[in-house]
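Read through the structure below, which is laid out as structure tokens, and then see the notes.
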């Protein structure tokens with residue numbers, strides 16, 4: 199299979215929380231007093247765990263279920279952004295730097311948040327949503343979400359280093375494996391790389407370990423989504439079919 203044809207870590211503010219009984223009521227299940235009964239009787243789960251404590255609070259990122267059905271108080275929004283450089287992948291930056299939410303501020307009234315991270319100097323596809331169930335599904339290693347990157351190095355990669363990467367590179371947090379690696383240009387500086395692990399700055403660290411500098415890092419594919427007809431800095435809504443393609447158990 200051909201890949202190509204021819205951390206900055208920011209602390210995010212906590213999402214706004216509401217009482218579980220209000221969340222259940224807002225989801226249209228029942229009134230708050232009846233919701234308290236459901237909670238006390240153990241009919242409600244939050245993130246897979248039964249909750250029977252009155253006053254328990256949840257956020258939009260929690261997965262709340264009643265009778266094995268996910269409850270939602272909002273219309274689910276799915277935005278695909280082609281992120282430019284110099285934007286932080288967070289909902290708010292205490293230093294006042296530009297965030298990806300600045301780019302989608304007119305997309306919807308609902309509060310959305312990014313799924314995963316692209317560091318400040320990395321460009322390409324980023325998914326934003328208010329669907330906590332899908333976000334957790336995509337972040338789970340078992341989902342095996344593959345991401346395809348275009349990497350440009352400061353110098354040609356040697357055959358020996360190419361083979362080292364395909365075999366696995368030892369980093370401080372364990373062995374880093376890529377799914378596919380391909381030389382894109384004859385100068386051996388332009389590389390296509392497919393990976394599904396989601397460690398912080400893992401691609402840059404792989405090449406830094408071998409004394410290469412990543413001059414450009416662009417995510418060109420996320421799962422089944424591509425940058426086709428999506429210019430840098432622009433966004434679009436996902437179609438229902440694209441959302442179903444993620445095979446999230448709670449969206450089937």
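Numbering (our numbering), first residue to last: 199 to 450.
For every residue, glycine included, the Cβ atom is placed at its ideal position computed from N, Cα and C.
None of the values given here were measured: they were computed from a predicted structure.
Do residue 408 and residue 320 have their CB atoms nearer than 7 Å?
no
Since residue 376 and residue 355 should fall inside the 8 Å C-beta cutoff, what is the C-beta to C-beta distance between them, to a whole number of angstroms?
Residue 376 to residue 355, Cβ: 13 Å. No contact.
Excluding the 5 residues preceding and the 5 following residue 334 in the sequence, name in chain order all residues of the same chain whose CB lies nearer than 7 Å to its CB.
261
Do you know how far the Cα of residue 426 is from the Cα of residue 311?
23 Å
Based on DSSP bridge pairs, tell me the residues matched to residue 410.
DSSP output for residue 410 lists no bridge partner at all.
Which residues in the same chain as residue 254 place their Cβ atom closer than 8 Å to its Cβ, once the five residues preceding and following it in sequence are excluded?
217, 218, 237, 244
Compare the C-alpha of residue 250 against each of 352, 402, 235, 293 and name the closest.
235
Might you give, ordered along the chain, the residues of its own chain that have their beta carbon closer than 8 Å to the beta carbon of residue 439, omitting 5 neighbours on each side?
none
First and last residue of the uninterrupted alpha helix (DSSP H) at residue 331:
330 to 337
Going by DSSP, name the residue or residues bridged to residue 280.
323
Rounded C-beta distance between residue 258 and residue 309? I'm assuming under 8 Å.
7 Å
Can you give me the C-alpha to C-alpha distance between residue 277 and residue 436, rounded to a whole angstrom?
6 Å
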